[in-house]
Amino acid sequence: MSRKAAPSLNALRVFDVAARCQSFKQAAQQLGVTQAAVTRQIQALEKQLEMTLFHRDNRVHALTPAGLELAPQLESIFKQLDQTLERAKHLSENNTTTLTVAIATARLRFWLNQQLDDFQSLYPHVQLNFVTCSDVPDAEQTAQLAARLSHDSVDLVIAAATLRDKNISSQTLGEIELVPVSAEAEPARLWQLPWLINKDNVSHQRFLKEHTTELKQTHLVHCDDTLMALELLQSQPRVTLIDKRYTQSPQFPALQVFNEFAQPLKPQLSVFYRKRRQQSVALVAFTQWLQLISK
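Counting the sequence shown from 1 gives a position; my numbering is that position plus 1211.
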């Protein structure tokens, strides 16, 4: 003997609404259909169930005993179904994985940002948020970055640093070469202009030490922000030090780059993240992509 077909879910939904309304007209308004459509759905459901659900009295909109039995059960079922669908929708909308990356503003602008479209095309469900940090952090700043990673206030740090913490992993992204840049095109004038130097930056200190003789008569001006230094370079003849990678960016200003004075920086640029038994797919994907673009 063949099984009867299950009643239409749509018809059951119409009955659920009609049972809670005062009339088929009101049910039709709530459902956004015509009253005739509601009537047809109820008739089809009654025929399929082989039972009468509403009294056939135009003056009274009342459920039969069968309807009274079915209505509260359906109301409970549809309420649970709606809640389940809402939870599923919420999960779908929040399927995006978010990573918070600490990085220097200049490094984001002149190195990472121009390549982010490539990453987002590969991993559209990974949302990257950015917070600023020093590109070459001192001891205090390094300790703060380690604490932020340990407390999950950031997921990754991109910087030229050494984080000696057993709970933090790192991957090298390659060597940084510092090069002087200036609006001045003549190398002979390089040592005669004021230099914008971050006197607290260890790499800048090393460069000054290597070129003590050339910089003997040079006026040094303290500036601890790369973007600020580049802005000042365009208004007055001055010199500053930047990562050679920045000069390859289409966003980099039209300045003379003195590659003959390039000097490697230690420590190398690295990406740092908290050690976990199993890293998220998003973090692994982003760190692997960073290594790829750093080659």
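Don't be surprised by glycine CBs; every beta carbon is placed ideally from N, CA and C.
Using the Cβ count rule (16 or more neighbours within 10 Å means buried), how would you classify residue i?
| i | result |
| --- | --- |
| G1278 | buried |
| L1401 | buried |
| L1220 | exposed |
| P1276 | exposed |
| S1213 | With a pLDDT of 48 at S1213, under the threshold of 50, the modelled position of that residue is not reliable, and the figure given next carries that caveat. With fewer than 16 other Cβ atoms within 10 Å, it is exposed. |
| Q1489 | exposed |
| R1375 | exposed |
| D1227 | buried |
| Q1267 | In the sequence as displayed, the identity of residue 1267 is Arg instead of Gln. With fewer than 16 Cβ atoms within 10 Å of its Cβ, R1267 is classed as exposed. |
| D1293 | exposed |
Determine the closest residue to residue i out of the options, with distance taken between C-alpha atoms.
| i | options | result |
| --- | --- | --- |
| R1449 | H1433, S1460, I1379 | H1433 |
| L1407 | L1443, A1465, R1318 | L1443 |
| L1426 | I1314, A1440, A1399, N1412 | A1399 |
| H1362 | F1226, V1347, T1311, E1397 | T1311 |
| H1430 | K1410, S1414, T1437, D1436 | K1410 |
| P1405 | S1393, S1414, V1413 | S1393 |
| W1500 | K1455, Q1331, D1436 | Q1331 |
On the three-state DSSP scale, how would you describe residue i?
| i | result |
| --- | --- |
| P1461 | coil |
| D1268 | strand |
| S1213 | Residue placement at S1213 cannot be trusted, given a pLDDT of 48 that sits under 50; what the coordinates show is reported in the next sentence. In this structure, S1213 counts as coil in the three-state DSSP scheme. |
| D1227 | helix |
| H1362 | coil |
Starting from residue i and walking both ways along the alpha helix (DSSP H), at which residues does that stretch end?
| i | result |
| --- | --- |
| V1392 | V1392 -> not in any alpha helix (DSSP H); beta strand (DSSP E) instead, spanning 1379–1393. |
| T1437 | 1437–1444 |
| S1481 | That residue, S1481, is in no alpha helix (DSSP H); its beta strand (DSSP E) goes 1474–1485. |
Inspect the beta-carbon positions of residue i and residue j and report whether they are closer than 9 Å.
| i | j | result |
| --- | --- | --- |
| Q1445 | P1464 | yes |
| D1366 | R1485 | yes |
| T1316 | T1343 | yes |
| F1497 | L1384 | no |
| L1389 | L1494 | no |
Kindly indicate the opening and closing residues of the beta strand (DSSP E) around residue i.
| i | result |
| --- | --- |
| Q1338 | 1337–1343 |
| D1454 | 1450–1454 |
| W1406 | 1406–1408 |
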